[in-house]
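Asks:
Number of protein chains: 2
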Amino acid sequence: MELNAKKIDLEAGEHIVILNKKDVERIGLRSQGRVSVSKEGKTTRALVETSESLAEEGEIALTERVIEDIEADEGDELTVKQTARPESVEHIREKLEGEELSTHAINEIIEDIVEKRLSDIELSAYVSGIYSQGMNNRETKDLINAMIKTGDTIEWDEHPVFDHHSIGGVPGNKITLLIVPIVAAAGMMIPKTSSRAISSAGGTADIFETLTDVTLSVEQIKNITQDVGGVIAWGGAVNLAPSDDMIIRAEYPLRIDPYAQVLASVLSKKKAAGAEYLVMDIPVGANTKVESRELGRKYARDFVTLSEEIGIETKCALSYGGQPVGRAIGPAMEAREALMALEGKDVPSSLLEKSTTLAGMVLEQGGIRKGKEEAERLLESGEALEKMKQIIDRQGGDLEISSSEVEIGNHSKDIYSTEEGYVDNINNGHIINIVRATGAPHCKGGGLLLKKKKGDKVEKDEPLYTIYAEQENDLEDAVKMANHLKPLQVEGMILEKHPDLKKV
Amino acid sequence: MELNAKKIDLEAGEHIVILNKKDVERIGLRSQGRVSVSKEGKTTRALVETSESLAEEGEIALTERVIEDIEADEGDELTVKQTARPESVEHIREKLEGEELSTHAINEIIEDIVEKRLSDIELSAYVSGIYSQGMNNRETKDLINAMIKTGDTIEWDEHPVFDHHSIGGVPGNKITLLIVPIVAAAGMMIPKTSSRAISSAGGTADIFETLTDVTLSVEQIKNITQDVGGVIAWGGAVNLAPSDDMIIRAEYPLRIDPYAQVLASVLSKKKAAGAEYLVMDIPVGANTKVESRELGRKYARDFVTLSEEIGIETKCALSYGGQPVGRAIGPAMEAREALMALEGKDVPSSLLEKSTTLAGMVLEQGGIRKGKEEAERLLESGEALEKMKQIIDRQGGDLEISSSEVEIGNHSKDIYSTEEGYVDNINNGHIINIVRATGAPHCKGGGLLLKKKKGDKVEKDEPLYTIYAEQENDLEDAVKMANHLKPLQVEGMILEKHPDLKKV
Chain A
5 MELNAKKIDL EAGEHIVILN KKDVERIGLR SQGRVSVSKE GKTTRALVET SESLAEEGEI
65 ALTERVIEDI EADEGDELTV KQTARPESVE HIREKLEGEE LSTHAINEII EDIVEKRLSD
125 IELSAYVSGI YSQGMNNRET KDLINAMIKT GDTIEWDEHP VFDHHSIGGV PGNKITLLIV
185 PIVAAAGMMI PKTSSRAISS AGGTADIFET LTDVTLSVEQ IKNITQDVGG VIAWGGAVNL
245 APSDDMIIRA EYPLRIDPYA QVLASVLSKK KAAGAEYLVM DIPVGANTKV ESRELGRKYA
305 RDFVTLSEEI GIETKCALSY GGQPVGRAIG PAMEAREALM ALEGKDVPSS LLEKSTTLAG
365 MVLEQGGIRK GKEEAERLLE SGEALEKMKQ IIDRQGGDLE ISSSEVEIGN HSKDIYSTEE
425 GYVDNINNGH IINIVRATGA PHCKGGGLLL KKKKGDKVEK DEPLYTIYAE QENDLEDAVK
485 MANHLKPLQV EGMILEKHPD LKKV
Chain B
5 MELNAKKIDL EAGEHIVILN KKDVERIGLR SQGRVSVSKE GKTTRALVET SESLAEEGEI
65 ALTERVIEDI EADEGDELTV KQTARPESVE HIREKLEGEE LSTHAINEII EDIVEKRLSD
125 IELSAYVSGI YSQGMNNRET KDLINAMIKT GDTIEWDEHP VFDHHSIGGV PGNKITLLIV
185 PIVAAAGMMI PKTSSRAISS AGGTADIFET LTDVTLSVEQ IKNITQDVGG VIAWGGAVNL
245 APSDDMIIRA EYPLRIDPYA QVLASVLSKK KAAGAEYLVM DIPVGANTKV ESRELGRKYA
305 RDFVTLSEEI GIETKCALSY GGQPVGRAIG PAMEAREALM ALEGKDVPSS LLEKSTTLAG
365 MVLEQGGIRK GKEEAERLLE SGEALEKMKQ IIDRQGGDLE ISSSEVEIGN HSKDIYSTEE
425 GYVDNINNGH IINIVRATGA PHCKGGGLLL KKKKGDKVEK DEPLYTIYAE QENDLEDAVK
485 MANHLKPLQV EGMILEKHPD LKKV
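The listed protein sequences derive, respectively, from chains A and B. Letter by letter, the first sequence follows residues 5 to 508 in my numbering. Letter by letter, the second sequence follows residues 5 to 508 in my numbering.
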């Protein structure tokens, strides 16, 4: 049926159009109905909501994102059709039943996801199926290829292209801001695309955005990398393996990370970005994505095997994820700590150790011997800092940036220890929740600075950490949460005394 | 935060409220955010959509169903809070991981479903988990109890209460319209609540609605049953095990029927309606819910066992589901055929056979010997017809109703056989799709009348069946689909002739 376009100012999770009740009955739509909306060969899909007043008979009210998809204007005549239930829902059901999916089935599912043909219910069943029943290596490889094929790819004029990635979960992991300038300072190409925070307190893109622009086009990523060796860009601004972000839409509220989907998510984006060599950081620890060394090793093996099959040479490092990396957590806080490390200022040696080890692995993939030593040299000599400034400058930031200029939220509060002893444990999940309560990553200045880390001696009433926020009420919320969660556990050397202690 | 209520004329699958963009940022809502909306102790949940104009700052636009939930009026001050991610999502994840769920976990999931705390994504993950990993009998029993507990129950003043149910999937299954009056005519109480069509061409409630009102209150169900012995009411109008309808919201688009959910769906509704004795019809056949006799037997065993545990005595019959029951499919068509059977007019003997056998099983549960014979007697004597008229009358219909007055769609077309032979197969799924294309169950007069059934001899150009519709264009759609799907397969006695036939 033909309907006239009308813009409506409304935003929802899914693509939405509003039709008049009578038109909906005429089209024969059932509940949760989906339609295709076309204008001159451009087609998109949307979920139908109905109204008697927001759309008159013969009208279709379109939200901004739907309008963009098909480049529609007010008053345009659009063709609206009820969409058949996508074929791929059959395959999703097969996966729920534990069947192995064919290459064809996987291609159909990913195409339907990218073309927005699946409803939330269908998408969630896909994610649930992969989580519940898993995928073998053949299926995972097909999934990677399907995810690459349904998006753009970067074709490089120069080679080789290096990359690194951390599968995340450990707070304060700002190592990309050290690795990229070190590798670029060695004359190698490392175009790093990063995500924004999904469940963390700040993704690498959120962190780097406090220093410079991260919304770059594919052309900019290519040019800057070929000129200065490195770039740190927000992956969401380019259309590399776009199905990934759509799948995350269902994974995030369920807090599930299907194993095969993690492998495919990382490798499809890397391959689409043109990476030929990859170093993976797999943090292992309680309350991170990978809680056991055994699971870490399984990831490492599968990353290496699958990479090889799609033409990427990958090395993996299992890293310590038992507490935050460095002292700073939160976008601006982390950017500042990374700059301090590049400036040679006092930062935890564990942060330097981790960054130079991983950067060294990349250097060795490029044929440089004693990679870690060379990475340390590039850091200590200030060459990495110079490179970082060039990158920041080319991405639109200030060439003369320094760590002292990074703006941190100006409301802060110290949290004190209520007892004397040693820091026995730091709960990563609690730290992330407190930092999110400060408004981060939306408020870039919100964060937390650890004054004590695991094993440190603490006096009673000595500060354990400081919380920062941009708004007073966010600070209060975060402090309240901190007092409730108690993320740092302090223990004396004597844990308990019983009347019968002497008998033991 | 406090916001002022404003009505908005919009309908969607989920509960929806529209907030101003600035308020959404202030509340700190993330994508797919959900809020609780309260007025004086009444609370509901809704999904947030945002706008800059449909809701001003300080306003909340509410859809009709949200308004009903909390009895809000235009201008009311409502308390709006971001809802925490429901605890039960953890349990849904456990099920996806293959774990057995505790009683507590199952109660939490069902409560969250009934309280509308789960998003489509979360609900779909629940259904996917049960489908993918199953539930043992202990979990299923807990599920039944949780589903009963979260809704109303009917308390009867008289006993015993009988019931019957068909788990469906076979088209034309209008047997309830025979069983209820037969059982009631025997002086027993059989209050039957039925669903509307989900994936079929017409549920029992849709069918009976062509003869009388089916939207009855619990009081009406009780009174009519205690007065005349039987009732056929729409289950959706009463709040018996309401979680069932909400779960179907996710099952229907995925076309999955998790085994444990089927058991729980039936038994929770029966127990909530106060049934003490139950006869189950389990049709077995290709393109029905139960495709093998083995699965049918498993259902039968589990229905009997679980019923016993919740205090219902159940008997099951596996019935022939290899083709439609009777000749008529579609709401008005089926109502007419059922009335014809009660009036003693010519209907397929298989319909009578099935109805009297199942009605006989109910009679025997009530202590009547030779139940089938007694059922046949009640049917042939006209006592069942008299009882049916009383029921129709008491539900608000015409006491003097007769089959000749039932209105069928007045656009019709015969479909002819293109060859000579025997009807070898009738595809249930295709029949349902054709009838749905006529506009049924929404258009009650749409339907299909089989002139030939399995095994019947057919001449070339002889009519196979007639399609009826209320609208000419619906008829055309249905005829087009019929010509495409060819639901009746006609085969000659010689299937193929090859050049080498003689060698075989």
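All C-beta atoms in this analysis are idealised placements derived from N, C-alpha and C, irrespective of residue type, glycine included.
Between Ala50 of chain B and chain A, is any beta-carbon pair separated by less than 9 Å?
Replies: Answer no: the Cβ-Cβ gap between Ala50 of chain B and chain A never drops below 9 Å.
Asks: Beta-carbon within less than 8 Å of Ala241 of chain A's beta-carbon, same chain only, minus the 5 sequence neighbours each way: which residues are those?
Replies: Cβ within range, chain order: Val218, Thr219, Leu220 and Ser221.
Asks: Between the region 348-359 of chain A and the region 138-158 of chain A, can you find at least three pairs of beta-carbon atoms closer than 8 Å?
Replies: Result no; under three Cβ-Cβ pairs closer than 8 Å.
Asks: Kindly confirm or deny that the region 125-142 of chain B and the region 62-78 of chain B touch, where touching means at least three C-beta pairs closer than 8 Å.
Replies: No: fewer than three Cβ pairs fall under 8 Å.
Asks: Are the Cβ atoms of Pro445 of chain A and Ala201 of chain A separated by less than 9 Å?
Replies: Cβ distance < 9 Å, so Pro445 of chain A and Ala201 of chain A count as in contact.
Asks: What does a CB cutoff of less than 8 Å around Asn24 of chain A pick up in its chain, not counting 5 residues either side in sequence?
Replies: Correct list, in chain order: Thr54, Ser55, Glu56, Ala59, Glu60, Glu61, Gly62 and Glu63.
Asks: Could you tell me the boundaries of the alpha helix (DSSP H) in which Gln224 of chain B lies?
Replies: Counting along the chain, the alpha helix (DSSP H) containing Gln224 of chain B begins and ends at Val222 to Val232.
Asks: Hey, Ala254 of chain B and Ile96 of chain A are a contact pair by Cβ (cut 8 Å); roughly how many whole angstroms apart?
Replies: So it is not a contact: roughly 12 Å between Cβ atoms.
Asks: What's the call for Ser296 of chain B, buried or exposed, on a 16-neighbour Cβ count within 10 Å?
Replies: Exposed is the call here.
Asks: Using the three-state DSSP reduction, which class does Glu162 of chain B fall into: helix, strand or coil?
Replies: Three-state result, Glu162 of chain B: coil.
Asks: Looking at chain B, is there any beta carbon in it that lies within less than 9 Å of the beta carbon of Gly17 of chain A?
Replies: It does; some Cβ of chain B falls within 9 Å.
Asks: Could you tell me which of A:Glu313, A:Pro335 and A:Asp285 sits nearest to Ser323 of chain A, measuring between CA atoms?
Replies: If we check each option's Cα against that of Ser323 of chain A, A:Asp285 comes out closest.
Asks: Please name the residue or residues paired with Cys320 of chain A in a DSSP beta bridge.
Replies: Looking at the DSSP assignment, Cys320 of chain A forms a beta bridge with A:Met284.
Asks: For Pro257 of chain B, go through chain A and note every residue whose CB falls closer than 8 Å to its CB, in chain order.
Replies: Chain A residues near Pro257 of chain B: Gln36, Arg89, Val93, Ser123, Ile125 and Glu126.
Asks: Looking only at its own chain, which residues have a Cβ that is under 6 Å from the Cβ of Met497 of chain A, when we skip the five neighbours before and after it?
Replies: Same-chain partners within the cutoff: there are none.
Asks: Counting only Cβ-Cβ distances shorter than 8 Å, please list the residues of the region 191-220 of chain B near chain A, keeping chain order.
Replies: Flagged: no residues at all.
Asks: Quick check on Met193 of chain A: does DSSP put it in helix, strand or coil?
Replies: Note: Met193 of chain A maps to strand in three-state DSSP.
Asks: Measuring CB to CB, does Tyr426 of chain A end up less than 9 Å from Lys461 of chain A?
Replies: Yes; because the gap between Cβ atoms is below 9 Å, this pair is in contact.
Asks: Any C-beta of chain B within less than 7 Å: which residues of the region 42-74 of chain A qualify?
Replies: Hits within the stretch, in order: Glu53, Thr54, Ser55, Glu56, Ser57 and Leu58.
Asks: Using a Cβ-Cβ cut-off of 6 Å (strictly less than) and excluding sequence neighbours within five positions of Ser408 of chain B, which residues of its own chain qualify?
Replies: No residues qualify anywhere along the chain.
Asks: With which residues is Arg259 of chain A paired in a DSSP beta bridge?
Replies: None; Arg259 of chain A has no bridge partner.
Asks: Applying a beta-carbon distance threshold of less than 7 Å, which residues of chain B neighbour Gly364 of chain A?
Replies: By Cβ distance, chain B contributes nothing, its closest Cβ being about 38 Å from Gly364 of chain A, past 7 Å.
Asks: So is Asp116 of chain B in contact with chain A if we call contact Cβ pairs under 9 Å?
Replies: It does not: the Cβ of Asp116 of chain B has no partner Cβ on chain A nearer than 9 Å.
Asks: Would DSSP call Leu7 of chain B helix, strand or coil?
Replies: Leu7 of chain B: strand per DSSP, three-state reduction.
Asks: Since Tyr135 of chain B meets chain A, which of its residues come closer than 7 Å, beta carbon to beta carbon?
Replies: Simply Leu100.
Asks: In the DSSP assignment, find the unbroken alpha helix (DSSP H) run with Glu313 of chain A in it and report its ends.
Replies: Taken as a continuous stretch (DSSP letters only), the alpha helix (DSSP H) holding Glu313 of chain A covers Arg297 to Glu313.
Asks: To be precise: take each residue of the region 260-283 of chain B, compare its Cβ to all Cβ atoms of chain A, and keep it if any distance is under 7 Å. Which residues remain?
Replies: Flagged, chain order: Ile260.
Asks: By DSSP, does Ser57 of chain B sit in helix, in strand, or in coil?
Replies: Reduced to three states, the DSSP call for Ser57 of chain B is coil.
Asks: Please report how far the alpha carbon of Thr208 of chain A lies from the alpha carbon of Glu103 of chain A, in whole angstroms.
Replies: Roughly 37 Å between the two C-alpha positions.
Asks: Using the rule of at least 16 other Cβ atoms within 10 Å of the residue's Cβ for burial, across every protein chain shown, is Leu403 of chain A buried or exposed?
Replies: Counting Cβ neighbours within 10 Å, Leu403 of chain A comes out exposed, since fewer than 16 surround it.
Asks: Excluding sequence positions up to five away, which residues of its chain have a Cβ less than 8 Å from the Cβ of His19 of chain B?
Replies: Around His19 of chain B: Thr48, Arg49, Ala50, Leu51, Thr67, Arg69, Val70, Asp73 and Lys120.
Asks: Can you pull the chain B neighbours of Ala129 of chain A, defined as C-beta to C-beta under 7 Å?
Replies: Result: Ser128, Ser132 and Leu258.
Asks: Flag Leu389 of chain B as yes if its beta-carbon sits less than 9 Å from any beta-carbon of chain A, otherwise no.
Replies: Not an interface residue.
Asks: From the DSSP secondary-structure annotation, give me the bridge partner or partners of Arg121 of chain B.
Replies: Beta-bridge pairing links Arg121 of chain B to no other residue.
Asks: Just the C-alpha distance for Arg89 of chain B and Lys417 of chain A, rounded to the nearest angstrom, thanks.
Replies: Each residue's alpha carbon lies about 28 Å from the other.
Asks: Contact criterion: CB-CB distance below 9 Å. Does Lys25 of chain B meet it with respect to chain A?
Replies: Cβ-Cβ to chain A under 9 Å: yes for Lys25 of chain B.
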